[in-house]
Amino acid sequence: MPAMPDDPRPEPDEDAGVDELQADIEATREELADTVSALADKVDVKARAHDKAEEAKAAVAQKAHDVGSGIDANRGSAAGIAVGVLVVVGLLAWWRRRRR
């Protein structure tokens, strides 16, 4: 079988020894196994759907965490504003009573 044009590994020469031929056969088997595995992964719809669901679940969890952190930060700001408003109202009430 002639080597493919994009094959980075040349075929052994005609006068190659048994060891070279066996090494070439083993390398070809490994490449074929990798190719078959990649193709099997592509056609395994259930596994791909599961992976996508896990990615979406992680994204939702991260978004929920981000939103929760934002709420906590806003809660602190709202509490500060509420305290400030209460202080101003208290000062106004004290000032009005003092003027009477």
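Numbering (full-length UniProt numbering) for the sequence shown: 1 to 100.
Beta carbons are placed, not taken as given, at the ideal position from N, Cα and C, and that holds for glycine.
The DSSP-derived three-state label of Asp44 is coil.
Judged by DSSP in its simplified three-state form, Ala79 adopts helix. Judged by their CB atoms, Asp24 and Glu14 are not nearer to each other than the 8 Å cut-off. Per the coordinates, the alpha-carbon of Leu86 lies some 14 Å from the alpha-carbon of Trp95.
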